[in-house]
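**Student:** Residue numbers (my numbering): 107 to 1153.
We put the CB at the ideal spot given by N, CA and C, even for glycine.
On a predicted model such as this, the values are computed, not experimentally measured, just so you know.
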Amino acid sequence: MEIEHEKAWFDRPLAEILRPNREKAIYVLIFVLAVVSRFWDLGARAMSHDESLHALYSYYLYSGSGYIHNPMMHGPFLFHANALIYFLFGDNDYTARIVPALFGIFMVMSPLLLRRWLGRGGAIVASIMLLISPSFLYYSRYIRNDIYITVWTMLLIAALFHFIRSRDPRWFYLGAAVLMLSLATKENAYIFGFIGLIFILELLVWERARPAMQLWLYVGVAVASIALLAIASLLGGPPAAAAGEEAAGVTGVAKLVQALVIVLGGTLPAALVSASLLRSRHPEPSSITEAARSLSWQNWLMAIIVMFLIYALLFTTFFTNPLGLGTGVAGSIGYWLAQQEVERGGQPWFYYLLVLPMYEFVPLLFSFVATIYYLIRGAGGRRIAASPEAEAEDRAAADSNSRFVAFLIFWNVTTLFTYSWAGEKMPWLVVHPALPMIILSAKFLGDILGPVNWREIWDRGGAILALLLPVTAFGLFMLLRLQPFQGLSLSNLQETGNWITALLVTLLLVLLTLAAMRRLGGRRVLLVALATTAVFLSFFTVRFAWMAAFINYDYATELLVYAHGGADVKPTLAEIAEISRRTVGDKMIEVAYDSDVSWPLEWYMREYPNRKFYGETPTREAMDVPIVLAGDKNDGKVQPFMGDRYHRFKRRLVWWPNQQYMDLTLDRIREILTTPEQREILWDILYYRKYPRTPDDWYHVHNFYLYIRKDVAAQIWDYGARPAEAVELPPDPYLDRHVDLEAAQIWGGQVGTEPGQFNHPRGVAVGPQGNLYVVDSDNHRVQAFDPSGNLLGQWGSNCNLDTQLGCEDPDGSGPLALGDGQFQEPWGIAVSAEGRVYVADTWNHRVQVFDAGGTFLTKWGFYGQTATDARYFYGPRDIAVDAQGRVFVTDTGNKRVVVFDADGNLLDQWGEEGPLPGAFAEPVGLDVDDEGNIYVADTWNQRVQVFDANLDFLREWPVDAWYGQSVVNKPFLAVDGQRRVYITDPEGYRVAVFGPEGEVVATFGLYGFDNLSFSLPSGIDVDDEGNIYVADTDGHRVMRFPPIGEQ
């Protein structure tokens, strides 16, 4: 291969650069395609989780709220650049992605910076490969830092090699500025910085060493690599026991050292491989040394000033945040290293070896071939010297070319290794290993195909061979895919016929291909095959790039995405905007939203000035709006406030790709490849991005819920249709009965295990002498207090009878059994007139009985799902004892109430699942009045049912509460001496009081943790004086309120 002596573009006069020719026409076409592909329909896709963060915090800076550097969101460059775009063009999804698109266009044209080393053809090939690259196209339309880092990387490479060649300090200044810009963009700039530093050291050592010493260098570096990896394995062992901040600091330093040792040990083999292309310059200094010596101290000072100015301006936001000087480089690298330990996404080590073949198969293939080729053939080129001066110039050019190829190979191998080793592996990071593969592939294709006489190949039938090769390959593929001779059914016979036809056609194509190859000649055949393979595979690259960027952009069927904005986000926002426009105008409607939909919806909610953010704690005030948005996490809390006044729609907020590859093994791969059905599924995924499950039933989805108030929905109808009848919302029947009732006494209030502290208390009961008994559920115990609030005692500990974990035999060889007196999350409690304490040991599925002091007396019940057998319970929730000593138990999971005598003998039972009188749907709380009438909280039927002492149905009334079906929305009830019924509304954060016939007497409670509020009211009881005792479960406290009417 000949070394070109022509000047690089950037060394030529402007008039010469602008003079039209074929090469410039190609670049103009590439540029136009880059602009169109990067900017067309740029705002169509919904913001993903991370995009919304970047877009919104850029908006805060633009709108005057300022910006404070936080390493969690990487460097400040993105936010400043985006704020400038917002200033120029406004803020929306399209403009938020303008800067990545501009950088993506520059990225496509950036091989021009390396044209001197890539060659004319190689630079064009590199630009084309960057233009059609699926990962570069996608992340040129995505507001993340990685496309910026790739641009800075190309500029750093150009600055390094141009400076080594020309000694022009302007390239040195450019390198300094770009280095700091990359550090101000994202922390993986350190990866390329490390790679560049190791390569510079490699140049220093290999070019300076005598040829006879290079063998010993190979041996020494190999030994060093093995030693470093051995040290890394030792550092990765369990750390010695230590405590305090000092220990944390030591551990952090050890992890940093281990990371450096592993990366250095893993990259040294790549240095050995690439060093084989470097020529010894001994006794002359290395090229790096010569370049460095050309710099004066003024040049170094200027570079330092440039770097500091960029650092200070960006990290302090133009001196408005002086603390940014400290959180800059040091804080960023610390956070980034911590993220590697977190291993966000939890991807396997082979993650990039899975993604790259799906999208970047062309550079992956040709970079591998290029590495083998250059290591065997070398990269110096053929020197043709007419004079000693020309010979010296040719040698310098050959050395420069060899250095460049050595760097590309080193960069390629070390980047793939380092990103595969790093704990955090994400789809947007794939551009970093893809970039060196693209540049190396382009260099190789340019070197091989550039000097070829294509006119001669055309005249010898090269074009015919180029057409025959892919068609023949397709015929061979069909022969492998079809399954002949599988049977005599019509479909099997048709498959066999198709295979025979394909065999005959393919044989003909093979003969024609062999004839064309014979006419063309051996080396020309290889060149045509190489070019055809590159072009043919590039068409598939274009297809997959188009699918990812313009077809599947809102779906998680592409492995290029993660935590991706759902397909329902944009339509839902359009609905809200339309409702707002047609009801109150513009975007002035009130919208309430929670913390579970904040990202990406926080970015979109900025347009609604009347928005209400209720975090994780919905309240009646926040919920009284036309539109409510709730995520999966909080929807159970929101539903009780919605009642039947809202329409509810389930939507997809964020989703993730199918990640079943995480448990991929060699056996699993073999099974997939050898099973026809599995191969068919694999083909559908790879070629069509079609999975066994549809987007409506996707693998990993985070949903959200759109609530539209019915009176608002009634005002909106499709154009051309008759408007719906006006809807009058049912009023809140309890609103005008609300009273502010303040607790007179509180036990607990802080989660704990000490006596008097609680961990999610639930059932409460007042004994005949006024003592208070509390089921401390998650501490698996009962605590007793006297009327003054003093602790009398406690009993119980954790025992899971199913696994026997924690279970103890209380009396050894005595009559008591394993686990007697212990609990597994008890919920309900009752005290008889004789002082016997009955506890619903809920998740041991039994009832336990104690005396007033906590001594175990008896038990009954086992786990079982049944409708008739009284020996079994399924999560019993509450207990009540009547004046006759009968014990009533709500067997919640079995949808019934069971009646026993004081010793656990069955007396009666009733109930089945259903909405009819006497049937239940999740019965929980119950109590008995002084006439023996039984009151049951029929939760999911949203009613209270009343039965007489003979268990006959008397009446029922609806309850405007208990909407959600979450595991904690389990209401209890109590009856006082006036037969007033007190119910808890756990996710409504209130207590409601009814008269004997179901009329509303009062409600009290709001959401909160003060003396007027609840965080999750559960158990309830009323003493003889009318004092009300409520277990505020999530507040880890028990509250006593004065009687209704005496507050």
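Can you give the Cα-Cα distance for F1147 and P798, rounded to whole angstroms?
**Tutor:** As a working mapping, residue 1147 is identified with position 1041 in the sequence shown. As a working mapping, residue 798 is identified with position 692 in the sequence shown. The alpha-carbon atoms of F1147 and P798 are separated by roughly 57 angstroms.
**Student:** Just to confirm the assignment: which complete beta strand (DSSP E) runs, minimum length 3, are found wholly within the stretch 392-431?
**Tutor:** none
**Student:** By Cβ distance, which residues of its chain are closer than 7 angstroms to E722, with the 5 residues on each side in sequence left out?
**Tutor:** Within the sequence shown, residue 722 is the residue found at index 616, counting from 1. Excluding positions up to five away in sequence, the list reads D700, S701, N740.
**Student:** Quick check on this structure: which residue in I787, A161, L575, P317 has the alpha carbon closest to the alpha carbon of V616?
**Tutor:** Start at 1 with the first residue of the sequence shown, and residue 616 comes out as number 510. For V616, the nearest C-alpha among the options comes from L575.
**Student:** Could you tell me the boundaries of the alpha helix (DSSP H) in which E931 lies?
**Tutor:** Looking up residue 931 in the sequence shown gives position 825. Element bounds for E931: n/a, residue is neither H nor E.
**Student:** Helix, strand or coil, according to DSSP, for N1133 in the structure here?
**Tutor:** Within the sequence shown, numbered from 1, the residue matching residue 1133 stands at position 1027. If DSSP states are grouped into helix, strand and coil, N1133 belongs with coil.
**Student:** Just confirm the distance between the C-beta atoms of F424 and L431, as a whole number of angstroms; I'd bet it's less than 8 angstroms.
**Tutor:** Position 318 of the sequence shown, counted from the start, is the residue given in the question as residue 424. Position 325 of the sequence shown, counted from the start, is the residue given in the question as residue 431. Between F424 and L431 a beta carbon distance of about 13 angstroms is seen, past the 8 angstroms cut, so the two are scored as non-contacting.
**Student:** Measure the Cβ-Cβ separation of N598 and L588 and say whether it is below 8 angstroms.
**Tutor:** Start at 1 with the first residue of the sequence shown, and residue 598 comes out as number 492. Start at 1 with the first residue of the sequence shown, and residue 588 comes out as number 482. No, the pair does not count as a contact, with Cβ atoms beyond the cut-off.
**Student:** Who are P1123's beta bridge partners in DSSP?
**Tutor:** For this step, residue 1123 is matched to residue 1017 along the sequence shown. In the DSSP output, where bridge partners are listed per residue, P1123 has D1138.
**Student:** Measuring alpha carbon to alpha carbon, tell me which residue in L407, D988, D1014 is nearest Y1041.
**Tutor:** For this step, residue 1041 is matched to residue 935 along the sequence shown. Comparing Cα positions, the closest option is D988.
**Student:** Got a sec, what are the start and stop residues for the alpha helix (DSSP H) L194 sits in?
**Tutor:** As a working mapping, residue 194 is identified with position 88 in the sequence shown. First-last of the alpha helix (DSSP H) with L194: 183-195.
**Student:** Starting from A579, follow the alpha helix (DSSP H) in both directions and report where the run begins and ends.
**Tutor:** Here the question's residue 579 lines up with position 473 in the sequence shown. It spans 568-587 - the alpha helix (DSSP H) in which A579 sits, taken as one unbroken run.
**Student:** Under 7 angstroms Cβ to Cβ from L460, same chain only, skipping five residues before and after it: list those, please.
**Tutor:** Along the sequence shown, one-based indexing puts residue 460 at 354. A distance below 7 angstroms between beta-carbons, with the five flanking residues on each side excluded, links L460 to the following residues of its chain, in chain order: Y767.
**Student:** With distances taken Cα to Cα, identify the nearest neighbour of P874 among R247, D1035, D1130, P867.
**Tutor:** The residue you call residue 874 lines up with position 768 of the sequence shown. Comparing Cα positions, the closest option is D1130.
**Student:** Could you tell me the distance, in whole angstroms, from the CA atom of G593 to the CA atom of P782?
**Tutor:** Along the sequence shown, read from residue 1 onward, the residue named residue 593 stands at position 487. Along the sequence shown, read from residue 1 onward, the residue named residue 782 stands at position 676. When rounded, the distance between both Cα atoms is 15 angstroms.
**Student:** Helix, strand or coil for I985? Go by DSSP, reduced to three states.
**Tutor:** Numbered from 1 along the sequence shown, position 879 holds the residue referred to as residue 985. The DSSP-derived three-state label of I985 is strand.
**Student:** Would the beta-carbon of A976 fall within 8 angstroms of that of A936?
**Tutor:** Position 870 of the sequence shown, counted from the start, is the residue given in the question as residue 976. Position 830 of the sequence shown, counted from the start, is the residue given in the question as residue 936. No, the pair does not count as a contact, with Cβ atoms beyond the cut-off.
**Student:** For a quick check, are the C-beta atoms of V872 and Y1088 less than 8 angstroms apart?
**Tutor:** Taking the sequence shown and counting its residues from 1, one reaches residue 872 at position 766. Taking the sequence shown and counting its residues from 1, one reaches residue 1088 at position 982. Contact flag unset, no.
**Student:** Tell me whether Q889 sits in a helix, a strand or coil according to DSSP, three-state version.
**Tutor:** For this step, residue 889 is matched to residue 783 along the sequence shown. Strand at Q889.
**Student:** Starting from H155, trace the alpha helix (DSSP H) both ways and give me its first and last residue.
**Tutor:** Taking the sequence shown and counting its residues from 1, the one referred to as residue 155 is at position 49. From DSSP, the alpha helix (DSSP H) with H155 extends over 155-168.
**Student:** How would you label I482, buried or exposed, when you count the other beta carbons within 10 angstroms and need 16 or more for buried?
**Tutor:** By one-based count along the sequence shown, residue 482 stands at place 376. Per the 10 Å Cβ criterion, exposed.
**Student:** Expressed to the nearest angstrom, what Euclidean distance is found between the alpha-carbon atoms of P1023 and E848?
**Tutor:** Position 917 of the sequence shown, counted from the start, is the residue given in the question as residue 1023. Position 742 of the sequence shown, counted from the start, is the residue given in the question as residue 848. For P1023 and E848, the distance between alpha carbons rounds to 36 angstroms.
**Student:** Please confirm whether S400 and A476 have their CB atoms less than 8 angstroms apart.
**Tutor:** Locating residue 400 in the sequence shown gives position 294, where the first residue counts as 1. Locating residue 476 in the sequence shown gives position 370, where the first residue counts as 1. With respect to the 8 angstroms criterion, S400 and A476 are not classified as neighbours on the basis of their beta carbons.
**Student:** Using the three-state DSSP reduction, which class does Q1153 fall into: helix, strand or coil?
**Tutor:** Taking the first residue of the sequence shown as 1, we reach residue 1153 at position 1047. Bear in mind that a pLDDT of 45 at Q1153, under 50, signals an unreliable position, so the number given afterwards is only what the model happens to contain. The three-state reading of DSSP puts Q1153 in coil, since its state is none of H, G, I, E or B.
**Student:** What is the DSSP secondary structure of Y244, counted as helix, strand or coil?
**Tutor:** For the purposes of this step, residue 244 is taken as the residue at position 138 of the sequence shown. Looking at Y244 - three-state DSSP - the assignment turns out to be helix.
**Student:** How many angstroms separate the CA atom of M584 from the CA atom of A655?
**Tutor:** Residue mapping note: residue 584 aligns to position 478 of the sequence shown, counting from 1. Residue mapping note: residue 655 aligns to position 549 of the sequence shown, counting from 1. Spanning the alpha carbons of M584 and A655 requires a straight line of approximately 29 angstroms.
**Student:** Could you check the C-alpha separation between N809 and K743 for me, to the nearest Å?
**Tutor:** Residue numbering aside, residue 809 sits at position 703 when the sequence shown is read from its first letter. Residue numbering aside, residue 743 sits at position 637 when the sequence shown is read from its first letter. N809 and K743 have their C-alpha atoms some 15 angstroms from each other.
**Student:** Find out if the Cβ-Cβ distance for the pair V675, V731 is shorter than 8 angstroms.
**Tutor:** Indexing the sequence shown from 1 puts residue 675 at position 569. Indexing the sequence shown from 1 puts residue 731 at position 625. Cβ atoms of V675 and V731: not closer than 8 angstroms.
**Student:** In whole angstroms, what is the alpha-carbon distance linking R1061 and D1035?
**Tutor:** Mapped onto the sequence shown, residue 1061 falls at position 955. Mapped onto the sequence shown, residue 1035 falls at position 929. For R1061 and D1035, the distance between alpha carbons rounds to 14 angstroms.
**Student:** Go through the stretch 591-665 residue by residue and report every complete run of the alpha helix (DSSP H) that reaches 4 residues or more, in order.
**Tutor:** 596-626, 628-652
**Student:** Residue ranges of each alpha helix (DSSP H) run of no fewer than 4 residues wholly in the stretch 281-339, ordered along the chain?
**Tutor:** Fully enclosed alpha helix (DSSP H) runs of 4 or longer: 295-314.
**Student:** Let's test the definition: count the other Cβ atoms within 10 Å of the Cβ of L614 and tell me whether it reaches 16, buried, or not, exposed.
**Tutor:** Taking the sequence shown and counting its residues from 1, one reaches residue 614 at position 508. Exposed is the call here.
**Student:** Got a sec? Which residues, its chain only, sit under 8 angstroms from I368 by beta carbon, not counting five neighbours each side?
**Tutor:** By 1-based counting over the sequence shown, the position of residue 368 is 262. Result list for I368: L334, L335, A338, W527, in chain order.
**Student:** Find the nearest neighbour of L407 within the set V325, F278, L370, judged by alpha-carbon distance.
**Tutor:** On the sequence shown, residue 407 is found 301 positions in, with the first residue counted as 1. The residue with the shortest Cα to Cα distance from L407 is F278.
**Student:** In the DSSP assignment, find the unbroken alpha helix (DSSP H) run with Y1155 in it and report its ends.
**Tutor:** Past the edges of the chain, shown from 107 to 1153, lies residue 1155, and the structure says nothing about it.
**Student:** Specify the secondary structure class of Y173 as computed by DSSP and reduced to three states.
**Tutor:** Position 67 of the sequence shown, counted from the first residue, corresponds to residue 173. Y173 falls in the coil class under three-state DSSP.
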